[in-house]
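*Asks:* This note's numbering runs 34 ahead of the 1-based position in the sequence shown.
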Amino acid sequence: MSVEGKVALVTGASQGIGRGIALRLAQDGFDVALADLDFQEDKGLAVAQEIHDLGRKAIFVVADVSSRADVFAAVDQAADSLGGFDVLVNNAGIAQVKPFLEITEEELDKIFKINVNSVVWGVQAAAAKFAELGHGGKIVSAASIAAIKGFPILGAYSATKFAVRGLIQAAAQELAPLGITVNGYAPGIVGTGMWDLIDAELSKINGKPIGQNLKENVDSIALGRIETPEDVAKVASFLAGPDSDYVTGQVLLVDGGMLYN
Ligand code: NAI
Numbered sequence: 035m036s037v038e039g040k041v042a043l044v045t046g047a048s049q050g051i052g053r054g055i056a057l058r059l060a061q062d063g064f065d066v067a068l069a070d071l072d073f074q075e076d077k078g079l080a081v082a083q084e085i086h087d088l089g090r091k092a093i094f095v096v097a098d099v100s101s102r103a104d105v106f107a108a109v110d111q112a113a114d115s116l117g118g119f120d121v122l123v124n125n126a127g128i129a130q131v132k133p134f135l136e137i138t139e140e141e142l143d144k145i146f147k148i149n150v151n152s153v154v155w156g157v158q159a160a161a162a163k164f165a166e167l168g169h170g171g172k173i174v175s176a177a178s179i180a181a182i183k184g185f186p187i188l189g190a191y192s193a194t195k196f197a198v199r200g201l202i203q204a205a206a207q208e209l210a211p212l213g214i215t216v217n218g219y220a221p222g223i224v225g226t227g228m229w230d231l232i233d234a235e236l237s238k239i240n241g242k243p244i245g246q247n248l249k250e251n252v253d254s255i256a257l258g259r260i261e262t263p264e265d266v267a268k269v270a271s272f273l274a275g276p277d278s279d280y281v282t283g284q285v286l287l288v289d290g291g292m293l294y295n
């Protein structure tokens, strides 16, 4: 079964893993709506152009995924502009690097709103749109190795990703009767802006030179190299496409053998 002309919305798609997933889904045959924050519009439009160049339709939508209204509006815009709605990829997320005893109320609220509330709003908005269109669909969300193991200095981040894994398992069971599958991908260390930030913040805390924390973590990857957005996109493509029709409630590790090394 082909995905030719089906419609996917990818959040946090202006750069990094989201961009990689959006491009991969376009190569698979999806038309793609890209959502990101307003200051990321230029980058998002450049990704849309790359998708046009692949011969697929693409739009960029400004949306803050921590806002329920924005997420519902983005799903509406994707469906109206691209003529359908079949897949949502809840990819947008942030990291926070902070010793556990120093996490503030404001920081905790912020990271939960962006990493966790966004998934709830996304599942609700996608399920409502699938129902309106009279068919099922697929929802894929960004988890992490930090959804399976708590990492020091990434306590709040780990908590949000554990929460995402719980939401995936619960939503998968509730939405299965509606023909909706709900899954996630759990990357290890992907070479994106997020890891530049984590490395820089860890340096401030432990005094190691910039790049050293990243290098030490990469040394623990069994496959011996840092992960690329394309590595993650291959798994997201599987979860968004027909080959995963009998898979739901799963968080697939795509970490180069890091977590259990
Ligand atoms: P990134 O920082 O390179 O890109 C994230 C994108 O999300 C950016 O374009 C940003 O503008 C957007 N974004 C942030 N807050 C947003 C909001 N409130 N509304 C809409 N868009 C927003 O990050 P990366 O590495 O591409 O991460 C993507 C996802 O993968 C995140 O959920 C992250 O937690 C997860 N992940 C990343 C890993 C890594 O090593 N980079 C490892 C495991 C999971």
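Glycine included, every Cβ here is placed at the ideal spot set by N, Cα and C.
Is the beta carbon of asparagine 217 sitting closer than 9 Å to the one on serine 152?
*Replies:* No, Cβ-Cβ distance for asparagine 217 and serine 152 is not below 9 Å.
*Asks:* Taking the C-alpha atoms as reference points, what is the distance between glycine 283 and alanine 42?
*Replies:* About 19 Å.
*Asks:* In whole angstroms, give me the CA-to-CA distance for leucine 248 and lysine 147.
*Replies:* Straight-line Cα distance between these residues: approximately 27 Å.
*Asks:* For the candidate residues Ala177, Gln203 and Leu201, whose alpha-carbon lies nearest to that of glutamine 191?
*Replies:* Sequence check: residue 191 is tyrosine here, not glutamine. Per the Cα distances, Ala177.
*Asks:* Please state the DSSP three-state secondary structure of leucine 287.
*Replies:* The answer is strand: DSSP assigns leucine 287 an E or B state.
*Asks:* On the DSSP letters alone, give me the boundaries of the alpha helix (DSSP H) that glycine 163 sits inside.
*Replies:* The question names glycine, yet the displayed sequence has lysine at residue 163. Element bounds for lysine 163: 152-167.
*Asks:* Where lysine 163 and phenylalanine 185 are concerned, what is the direct C-alpha to C-alpha distance, given to the nearest angstrom?
*Replies:* Rounded to the nearest angstrom, the two C-alpha atoms are 36 Å apart.
*Asks:* Thinking C-beta only, is isoleucine 260 closer than 9 Å to isoleucine 223?
*Replies:* Going by C-beta atoms, isoleucine 223 is nearer than 9 Å to isoleucine 260.
*Asks:* Give me the Cα-Cα distance between glycine 227 and alanine 129, rounded to the nearest whole angstrom.
*Replies:* Looking at the two C-alpha atoms, the distance is approximately 10 Å.
*Asks:* Answer yes or no: the CB of serine 278 versus the heavy atoms of ligand 1, is any distance below 8 Å?
*Replies:* No, Cβ of serine 278 sits at least 8 Å from all heavy atoms of ligand 1.
*Asks:* Run through DSSP, which three-state label would serine 237 get?
*Replies:* Helix at serine 237.
*Asks:* Does DSSP put tyrosine 280 in a helix, a strand or coil?
*Replies:* Tyrosine 280: coil per DSSP, three-state reduction.
*Asks:* Does the separation of the CB atoms of asparagine 124 and isoleucine 85 fall below 9 Å?
*Replies:* Result no, Cβ atoms of asparagine 124 and isoleucine 85 do not sit closer than 9 Å.
*Asks:* Identify every residue that forms a DSSP beta bridge with serine 175.
*Replies:* Answer by DSSP bridge pairing, in chain order: Asn124 and Gly218.
*Asks:* Look up aspartate 70 in the DSSP assignment and say whether it is helix, strand or coil.
*Replies:* Aspartate 70: strand per DSSP, three-state reduction.
*Asks:* What does the Cβ neighbour count give for isoleucine 244, buried or exposed, with the cut at 16 atoms within 10 Å?
*Replies:* By the 10 Å Cβ count, isoleucine 244 comes out exposed.
*Asks:* When DSSP labels each residue in this structure, what does isoleucine 93 get in the three-state scheme?
*Replies:* Three-state DSSP puts isoleucine 93 in a strand.
*Asks:* Can you check whether the CB of aspartate 265 is closer than 9 Å to the CB of valine 288?
*Replies:* Contact flag set, yes.
*Asks:* Pick helix, strand or coil for valine 224, following the three-state DSSP scheme.
*Replies:* Three-state result, valine 224: strand.
*Asks:* So, alanine 97 versus leucine 71, is the Cβ gap smaller than 9 Å?
*Replies:* Cβ atoms of alanine 97 and leucine 71: closer than 9 Å.
*Asks:* Return the first residue and the last residue of the beta strand (DSSP E) that alanine 47 is part of.
*Replies:* From DSSP, alanine 47 is part of no beta strand (DSSP E); its letter is neither H nor E.
*Asks:* Which same chain residues, not among the five before or five after phenylalanine 134, have their C-beta less than 7 Å away from its C-beta?
*Replies:* Excluding positions up to five away in sequence, the list reads Gly189.
*Asks:* Compute the Euclidean distance between the alpha carbons of isoleucine 93 and leucine 201, then round it to the nearest angstrom.
*Replies:* The alpha-carbon atoms of isoleucine 93 and leucine 201 are separated by roughly 28 Å.
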